[in-house]
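Participant:
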Amino acid sequence: MNLSLDENGAIPVISVGATRIDAACAIQFKDAFQKTVPKEPERVILDLDGVEFVDSSGLGAIVGLMKILAPETRLELSTMGETVNKVFALTRMDQVFTIHERVVDGVCGAKLQ
Amino acid sequence: MACVAQSFNESINFNLSISPDPLSVRDALEQLDHWLAGFRGDQADRSSTQVVMAEVLNNIVEHGSLGPNQNIRSSISVMSNGIECSVIDEAPVYRALANLSGEPSLTREASIQLAEGGYGVFLIQSLAVDIRYIEVERGNHLEFRIPLTTFSEQIY
C-alpha cells in the first residue's frame, strides 16, 4: 500500500494512496505506516482524504498504530468521509482520536469536536 | 479471487457468489455499492449496508473454515422498509453468526481500552435489525435488514 509523508509543515502528515483500509489490506497498511512515520514526532496526522471505506480490520489497524506510537507520538486523523466517520462514531473512536475536518486545521492546532 | 454478480440493474434483487477471500469480499462490496447507488436513495443507507455486509462476509472468510471452492452466496433486496440481506455459506462448524441477534455490546470502557478487534459484531448489531440466524443442513444462513433513512423511505 502506498503512503506518502509530507514533512513540509509544522506537523508530519501521512496520506493514504488507497480508497479502502479493509480486511484485504489492514496489515499492509499498518506495516507501511510504521515504515513511513518519522521518528517520534510529538504529533502526526493521518490524512484520510480519499479513503471511502474503513471496516473493523482497518479500524483495528489505526487503533493499533495509535497504541504503538504512544506515548511519544499522538496519532491524529483528518478529512474523514461519511462512511469512515460512521464507523468511528458508532464505535466511539471519534471520542478517542483527535479528528480534524481538514489537514490544515490539524496543522494549525484546531480541533473538529 | 472471484466475485460474480448474478443479476444487475433494473432488478430489486442483487445476487452475489463470493470466493472466501478478502479481495473477493472487497470486490463484492464495491459491486453492491454500485448497484445500490442506482436507487438514488440516501448515501447513509448505502454506507450502512456496506459496513454490515463487510463485517458479515469477512467474519465468515476469517473464521468459517471454508474451502477454496465453497463460495458464499448473498442476495440483497431493496424493499420499502429497508435493504434486506441474506448470506448463506457452507462452513462446516461455524456458529459465531448465531450470536448476532443480541443487543450491541461494546461498552464505553471497552472503546477506551482501545481494543484492536471486536468491533465487527458491534457494527453489525448497531446498524442491522431483524437479524436471524438459521442453521441449514450444509452450513449457515444469516438474514438481516438495514432500515432506511427517512429520505430513502420517501423514494422507495
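Chains Z and R supply the protein sequences, listed in that same order. Just so we're aligned: the first sequence equals residues 772 to 884 in this note's numbering. Just so we're aligned: the second sequence equals residues 440 to 595 in this note's numbering. Just so you know, even glycine gets a beta-carbon here, dropped at the ideal spot from N, CA and C. Bear in mind that the values here come from a model prediction, so they are computed numbers and not experimental data.
Along the segment 556-571 of chain R, what residues have a CB closer than 7 Å to any CB found in chain Z?
Facilitator: Within the segment 556-571 of chain R, the residues whose Cβ lies closer than 7 Å to some Cβ of chain Z are GLY556, TYR558, GLY559, PHE561, LEU562, SER565, listed in chain order.
Participant: Do the CB positions of Z:ASP826 and R:GLU494 come within less than 8 Å of each other?
Facilitator: For the purposes of this step, residue 826 of chain Z is taken as residue 55 along the first sequence, with counting starting at 1. For the purposes of this step, residue 494 of chain R is taken as residue 55 along the second sequence, with counting starting at 1. Yes, these two residues count as a Cβ contact at 8 Å.
Participant: Measuring alpha carbon to alpha carbon, tell me which residue in R:GLY477, R:PHE561, R:MET518, R:ALA530 is nearest R:GLU501.
Facilitator: Locating residue 501 of chain R in the second sequence gives position 62, where the first residue counts as 1. Comparing Cα positions, the closest option is R:ALA530.
Participant: State the Cα-Cα distance for the pair Z:VAL822 and Z:SER849, rounded to the nearest angstrom.
Facilitator: To locate residue 822 of chain Z, count along the first sequence from 1; it is residue 51. To locate residue 849 of chain Z, count along the first sequence from 1; it is residue 78. Near 11 Å, if we compare the C-alpha coordinates of Z:SER849 and Z:VAL822.
Participant: Residues in its own chain within less than 6 Å of Z:PHE824 by CB, not counting five upstream and five downstream?
Facilitator: Translated into the one-based positions of the first sequence, residue 824 of chain Z becomes position 53. For Z:PHE824, where only same-chain residues beyond five positions count, the Cβ hits under 6 Å are ARG791, THR854.
Participant: Mind checking if R:GLU494 is an interface residue toward chain Z, Cβ cutoff 8 Å exclusive?
Facilitator: The residue you call residue 494 of chain R lines up with position 55 of the second sequence. Interface residue, yes.
Participant: Shorter than 8 Å from the beta carbon of R:ARG465 to some beta carbon of chain Z?
Facilitator: By 1-based counting over the second sequence, the position of residue 465 of chain R is 26. True, the Cβ-Cβ gap to chain Z drops below 8 Å.
Participant: If contacts are defined as beta-carbon pairs under 8 Å, then Z:LEU840 and Z:THR807 qualify, I think. What distance do you get, rounded to the angstrom?
Facilitator: In the first sequence, counting from the first residue as 1, residue 840 of chain Z sits at position 69. In the first sequence, counting from the first residue as 1, residue 807 of chain Z sits at position 36. In fact, because the Cβ distance is near 12 Å, the residues do not count as touching under 8 Å.
Participant: Which of the three DSSP states, helix, strand or coil, is assigned to R:ASN497?
Facilitator: Residue 497 of chain R sits at position 58 when you count from the first residue of the second sequence. In the structure shown, R:ASN497 sits in a helix (DSSP, three-state: H, G or I).
Participant: Going by alpha carbons, who is nearest to Z:THR844 out of Z:ASP802, Z:ILE870, Z:GLY829, Z:GLU811?
Facilitator: Start at 1 with the first residue of the first sequence, and residue 844 of chain Z comes out as number 73. If we check each option's Cα against that of Z:THR844, Z:GLU811 comes out closest.
Participant: Is the number of C-beta pairs between the segment 469-480 of chain R and the segment 792-805 of chain Z that are closer than 8 Å three or more?
Facilitator: Taking 8 Å as the limit for Cβ pairs, the verdict is that the segment 792-805 of chain Z does not touch the segment 469-480 of chain R.
Participant: From the DSSP secondary-structure annotation, give me the bridge partner or partners of Z:VAL784.
Facilitator: For the purposes of this step, residue 784 of chain Z is identified with residue 13 of the first sequence, where counting begins at 1. According to DSSP, which records beta bridges pairwise, Z:VAL784 is partnered with Z:ASP777, Z:ILE816.
Participant: Mapping DSSP to helix, strand and coil, what is R:ARG547?
Facilitator: Taking the second sequence and counting its residues from 1, one reaches residue 547 of chain R at position 108. Annotation note: pLDDT 49 at R:ARG547 (below 50); position unreliable, no value reported.
Participant: In this structure, does DSSP put R:VAL490 in helix, strand or coil?
Facilitator: On the second sequence, residue 490 of chain R is found 51 positions in, with the first residue counted as 1. Looking at R:VAL490 - three-state DSSP - the assignment turns out to be helix.
Participant: Within 10 angstroms of the Cβ of R:PRO507, are there 16 or more other Cβ atoms? Answer buried if so, exposed if not.
Facilitator: Mapped onto the second sequence, residue 507 of chain R falls at position 68. By the 10 Å Cβ count, R:PRO507 comes out exposed.
Participant: How would you label R:ASP569, buried or exposed, when you count the other beta carbons within 10 angstroms and need 16 or more for buried?
Facilitator: In the second sequence, counting from the first residue as 1, residue 569 of chain R sits at position 130. Per the 10 Å Cβ criterion, exposed.
Participant: Since R:ARG485 contacts Z:ALA795 with CB under 8 Å, what's their CB separation in whole angstroms?
Facilitator: The residue given as residue 485 of chain R occupies position 46 in the second sequence. The residue given as residue 795 of chain Z occupies position 24 in the first sequence. 20 Å between Cβ atoms; not a contact.
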